[in-house]
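Here the structure comes first, spelled out in structure tokens, and everything after it is commentary.
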Amino acid sequence: MRRKAVVSVYHIFYMLMPLLFCTCLFAGELPYENRFKFDYFFLNAIRFKQKSEHNQAFNSFQYLLRIDSTSSVVLYELSKYYLFLNKEQLALNALRKATFYTPNNFEYKLALANLSRELGNNNLAIILYEELIKGNPQNLELYYCLSDLYVKQQNVNKAIRVLNKIENSIGINEDIALKKSQLYKLIGKKKQALRALKYLAEKFPTEAKYQIFIGDFYLDENEIEEALLYYERSKIMDPNNLYYFVAMSNYYATKGKVGSAIHKIERALEAPTLDLGTKLNILGKYIENLCENKQDKEAANVLFETLMEQYPQDKELNRMYGKFLFLQGKKKEAKFQFQAVIEAMPEDFEAWIQLLNIALQEENSDEIISICENALIHFPDVPEFYLYEGIAYSIKKAYQNALDIYLEGLKIISTDDILLSTFLGQIGDLYYQLGNKEKSFVFYEQAIKYNDKNIVVLNNYAYRLSLTKENLDKAKEMAAVVVQLQPDNITYIDTYAWIFFQAGDYSLAKFYIKNAISKDTVVNSEILEHYGDILYKTGDIDEAVSKWQEALCLKEASNGDTSILKKKITDKTYYYEGTK
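Numbering (UniProt numbering), first residue to last: 1 to 580.
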């Protein structure tokens with residue numbers, strides 16, 4: 001047993017020698033005691049990392065940085081942990097230092113370039129990739145990254161020049177030719193775009209699909225007969241090329257011959273030599289073409305049915321068909337497809353979201369609740385399911401149920417300030433509906449703390465403060481922020497007007513309520529009632545009664561409580577909320 005232990009230690013030692021050597025490049029300038037300590041703790045840090053004891057490894061690397069703050073290898077290792085912890089800026093700073101202290105290290109500089117690109121610092125990334133290419137001219141992946149960055153900066157000509165360098169190095173290939181063609185087309189150089197495709201076809205004269213690429217280019221340019229010429233060339237070169245049928249389908253669709261277009265696609269979809277993934281790709285491109293040309297999508301349903309007969313158990317097909325049916329507005333049929341996916345694969349998150357989306361559009365509260373409850377069995381850490389279930393209960397006025405589900409959902413929200421604010425605001429609303437005003441206001445305060453631009457919370461809090469005539473100055477400030485953010489929302493302007501009303505400033509209240517009503521031809525009963533209240537206070541009694549009568553008609557139509565409103569009309573007098 002002792003022999004095995006000794007072998008294991010030496011094995012680790014020799015495995016780590018290159019890394020230890022790297023540390024000594026900078027640790028060599030340390031005093032002997034510190035250099036020894038550095039090497040010892042570095043070896044321990046690597047051991048921890050290899051055993052997946054990452055907390056200990058991370059702490060050890062941080063300690064090593066206190067011994068030698070210029071150690072590039074330690075900075076590099078720490079950058080990986082910072083990325084794991086979603087601390088991108090710390091990772092970027094660590095990589096900057098690692099590259100500064102060891103400027104010729106390919107791995108450090110590449111990591112810095114990649115992270116800079118991910119964080120959108122394209123200028124720095126370009127400089128780094130250009131430096132990397134100088135030292136590694138054979139690394140083609142660097143050229144691709146640099147070209148993509150130039151495209152992001154809308155410097156397409158430079159992107160093309162980079163692709164030309166790759167082409168000069170390895171010769172013409174499909175990937176480069178297609179990229180160049182797309183980029184030339186992007187800047188309006190259509191002749192060069194076409195030339196890139198033709199060079200590719202000339203280089204590979206027996207490859208039928210390159211003839212199709214050229215045909216597709218002409219079809220996009222609406223040179224339909226020229227496109228047909230190249231499609232027919234591809235058929236002569238390879239009569240069994242199934243993509244010929246796709247190309248011809250697009251050709252017929254462009255000419256408005258829907259029947260012929262479908263027939264060609266059916267030929268491809270019925271081919272036993274093609275796998276389902278390829279067939280779905282073909283069908284997807286056909287549908288994309290239908291959408292781009294704003295053509296009737298109904299015909300494609302036949303193609304889906306063809307595939308459904310071939311692959312009745314494939315859930316990816318159900319999902320894709322469901323999306324397509326939903327796109328056509330066939331919600332009931334789409335729902336059936338998504339339910340088929342969930343029954344077979346209840347862990348399929350996308351299918352649950354699609355079902356929820358349909359229920360939300362149909363405003364079916366019971367179905368929303370059912371979907372969310374069942375989805376939470378499989379996805380208990382997804383806050384959106386708690387959110388929408390709570391909203392559905394609120395619509396049904398089952399306030400306690402809604403509160404319970406929100407409080408449960410609150411437990412799984414961590415650092416998302418906007419989402420946390422939304423939950424806290426909903427809880428504030430529910431406590432108010434349940435008669436607990438004090439607790440409601442506490443939650444409103446918390447919601448604003450996490451998102452001071454949460455307009456729903458700011459509006460509701462301001463309005464409810466105004467009803468109690470508590471802290472009207474604060475209510476006015478919050479309502480002003482809301483109106484500034486949403487100047488055309490009549491509900492929010494109404495709140496602002498009502499606060500002025502409660503403060504006794506009837507002139508400003510009238511100004512804002514008239515402004516709210518002028519924004520929209522459809523005004524709800526509450527706004528009309530408020531308008532009548534304000535008119536009464538400004539002395540225009542007859543006009544006030546007229547507005548109250550308009551509000552009464554709308555409220556009766558929606559089965560709302562009309563008792564106070566009727567009393568106002570009968571007595572031609574303003575009564576505040578809560579009047580018996």
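Note that beta-carbon positions come from the ideal geometry of N, C-alpha and C, so glycine has one too.
Keep in mind the model is a prediction, meaning the values are calculated, not measured.
Spatial distance of residue i from residue j (CA atoms)
| i | j | result |
| --- | --- | --- |
| Y81 | S147 | 29 angstroms |
| D416 | L317 | 35 angstroms |
| L200 | F245 | 22 angstroms |
| N136 | L194 | 32 angstroms |
| R35 | A94 | 21 angstroms |
| N222 | D314 | 37 angstroms |
| Y252 | I418 | 50 angstroms |
| K437 | Y431 | 7 angstroms |
| I133 | N105 | 13 angstroms |
| A271 | A344 | 27 angstroms |
| I369 | D542 | 47 angstroms |
| L219 | E167 | 27 angstroms |
| L407 | I395 | 17 angstroms |
| K264 | D238 | 16 angstroms |
| K332 | C372 | 18 angstroms |
| Y531 | A544 | 7 angstroms |
| N55 | A91 | 17 angstroms |
| S414 | P383 | 10 angstroms |
| L508 | W498 | 10 angstroms |
| Q310 | G259 | 21 angstroms |
| K572 | T562 | 15 angstroms |
| Y40 | E53 | 17 angstroms |
| N59 | Y108 | 21 angstroms |
| G560 | F385 | 30 angstroms |
| L355 | E363 | 12 angstroms |
Member of the options whose CA lies at the smallest distance from the CA of residue i
| i | options | result |
| --- | --- | --- |
| I564 | T538, E526, E543, L535 | E526 |
| N357 | E389, M345, L128 | E389 |
| L110 | L142, S370, L219, P312 | L142 |
| residue 600 | L276, K555, K396, Q549 | There is simply no residue 600 to check, as the chain begins at 1 and stops at 580 in what is shown. |
| Q361 | Y150, K330, K37 | K330 |
| A268 | E305, T491, L242, I368 | L242 |
| P380 | Q354, E347, D68 | E347 |
| N471 | Q154, F441, I490, L85 | F441 |
| F324 | E309, E343, V302 | V302 |
| S181 | K411, N168, I160, L430 | I160 |
| K152 | T573, I126, V382 | I126 |
| L64 | V545, L43, S52 | L43 |
| L228 | I214, D238, N240 | I214 |
| K87 | L119, S60, S69 | L119 |
| A479 | T491, T468, Y496 | Y496 |
| Q420 | Y575, N401, Y444 | Before going further, note that residue 420 is Leu rather than Gln in the sequence given. Minimum Cα distance to L420 is reached at Y444. |
| Y575 | E529, A557, N559 | E529 |
| A359 | F326, V382, P383, Y144 | F326 |
| L149 | A113, T306, K203, T491 | A113 |
| K453 | A177, S169, T422, S466 | T422 |
| Y278 | S260, V258, L307 | For clarity, residue 278 is Thr in the given sequence; the question names Tyr instead. Among S260, V258, L307, the Cα nearest to that of T278 is on L307. |
| F500 | I517, V522, N524, L465 | L465 |
| D505 | V523, K537, N524 | K537 |
| I262 | I282, L274, L276 | I282 |
Whole-angstrom C-beta distance between residue j and residue i, which should lie under 8 angstroms
| i | j | result |
| --- | --- | --- |
| Y76 | A98 | 5 angstroms |
| Y393 | I377 | Wrong, their Cβ atoms sit about 18 angstroms apart, outside the cutoff. |
| I187 | V162 | Not really, about 15 angstroms apart at Cβ, beyond 8 angstroms. |
| I455 | L485 | 5 angstroms |
| K510 | I534 | 5 angstroms |
| L519 | D488 | With the sequence shown as reference, residue 519 is identified as Lys, and Leu is not the correct amino acid for it. Yes, K519 and D488 are in contact; Cβ-Cβ is about 6 angstroms, under 8 angstroms. |
| S79 | T102 | The pair is not a contact, with the Cβ atoms about 13 angstroms apart (cut-off 8 angstroms). |
| K209 | S234 | 7 angstroms |
| residue 582 | K469 | What is shown of the chain runs 1 to 580, which leaves residue 582 out entirely. |
| Y230 | I212 | 7 angstroms |
| A447 | G428 | 6 angstroms |
| D216 | A247 | 7 angstroms |
Cutoff 7 angstroms: residue i Cβ touching any chain B Cβ
| i | result |
| --- | --- |
| T491 | In summary, chain B is missing from the structure at hand, where a single protein chain is found. |
Near the ligand GDP: residue i beta-carbon under 6 angstroms from a heavy atom
| i | result |
| --- | --- |
| S69 | Judged by which ligands are present, the structure shown has none, so any question about the ligand GDP falls away. |
Touching by the beta-carbon criterion (3+ pairs, under 8 angstroms), the segment 546-562 and the segment 512-519: no
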